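Notes for the one structure printed next.
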Ligand SMILES: *Cc1c(COP(=O)(O)O)cnc(C)c1O
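Numbering (the numbering used here), first residue to last: 13 to 316.
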């Protein structure tokens, strides 16, 4: 295990061109920003979203972070690892009663020193209420609170650091998966005005990411969120999606996760097919990582 990680502007991040007969036929170029390759443990968008929260906790006297997530949460995994590297105490509030056997994600969190507290799904619905947060303060003392998924302006400002890693290149279109929409908001804020951004929602209800973006993004630019590729909703999947991910790996040797990046890439290919992108478009797809989540699939589902 690598026990350090650089500041966001010092990460070395590749952009890799993809190849496919479809791209030639439609005269588009497609590349991937490989955030998944940044670091063996805290890959992807999460470390960017955590950046300013970690800074705040490091510069505090309490040196403690509290955050939230589900059983397979990439956000909890990244937070636990980042806190262990930075010498911060951290507490993860987990949605649902404690299961007899912990997921690989939660076991990893514990190994990294995260203290877990399980709360019922009903109680979890109230984690953003003042009352709940006051109770946390009473129980654990002063701390830096990171909202679920890092959803906040502070999280988006961290994600705004991502475009520095590709701004020197000539992309016309930027694509990114959308969960809480924090990463996408950061990309919108950090990209030059003329870039066209498409977010691929992994949630069924398009109103949610749209409302969240309105809340986070001061000025709307050239962006839209597509909700046609959620495959049934959050963490749902179909055989068609799994086949696509396996085929994508066979062709490009790039692993995708089934919750976020697999759905985005399926959408990008489908939209290219449907002539959504103009002739000559140079598309950058942000690989936001999340590969640890694939371990929740039955063995043999994926070919990598
Ligand atoms: C968490 C996550 C996202 C969603 O990011 P938001 O900022 O919540 O929209 C996208 N991709 C991967 C791989 C993730 O782990």
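C-beta: ideal position from N, C-alpha, C; glycine also. Predicted model, so just to flag it, every value in this text is computed and none were measured.
Should residue i be labelled buried (16 or more other beta-carbon atoms within 10 Å of its own) or exposed?
i	result
residue 33	exposed
residue 154	exposed
residue 189	buried
residue 313	exposed
residue 51	buried
residue 13	Any reading at residue 13 must be qualified, since the residue scores a pLDDT of 46, below 50, and its modelled position is unreliable; the value itself is stated next. Per the 10 Å Cβ criterion, exposed.
residue 18	exposed
residue 57	buried
Are the CB atoms of residue j and residue i within a distance shorter than 7 Å?
i	j	result
residue 86	residue 302	yes
residue 225	residue 197	yes
residue 166	residue 200	no
residue 172	residue 212	no
residue 280	residue 263	no
residue 255	residue 305	no
Going by Cα to Cα distance, which pick from the options is closest to residue i?
i	options	result
residue 222	239, 263, 97 and 204	239
residue 82	108, 67, 71 and 100	108
residue 195	208, 174 and 214	174
residue 259	193, 80 and 316	316
residue 128	114, 73, 135 and 141	114
residue 286	25, 54 and 38	38
residue 90	63, 111 and 192	63
residue 120	151, 112 and 88	88
residue 160	150, 203 and 104	104
residue 293	183, 257, 203 and 187	183
Am I right that residue i and residue j are in contact with their C-beta atoms under 8 Å? What's the rounded C-beta distance?
i	j	result
residue 181	residue 27	6 Å
residue 309	residue 278	Not quite, the Cβ-Cβ distance comes to about 16 Å (not below 8 Å), so this is no contact.
For residue i, collect the residues of the same chain with a Cβ closer than 7 Å to its Cβ; drop the 5 residues on either side in sequence, then sort them by chain order.
i	result
residue 16	97
residue 273	189, 299, 300 and 302
residue 214	189, 190, 191, 242, 246, 271, 272 and 275
residue 54	17, 90, 93 and 94
Got a sec? Which residues, its chain only, sit under 6 Å from residue i by beta carbon, not counting five neighbours each side?
i	result
residue 162	61 and 194
Tell me which residues share the same chain as residue i and place their Cβ nearer than 8 Å to its Cβ, disregarding the 5 neighbours each side in the sequence.
i	result
residue 156	65, 68, 69, 72, 74, 76, 77 and 78
residue 217	239
residue 35	41, 42 and 284
residue 261	267, 268, 314, 315 and 316
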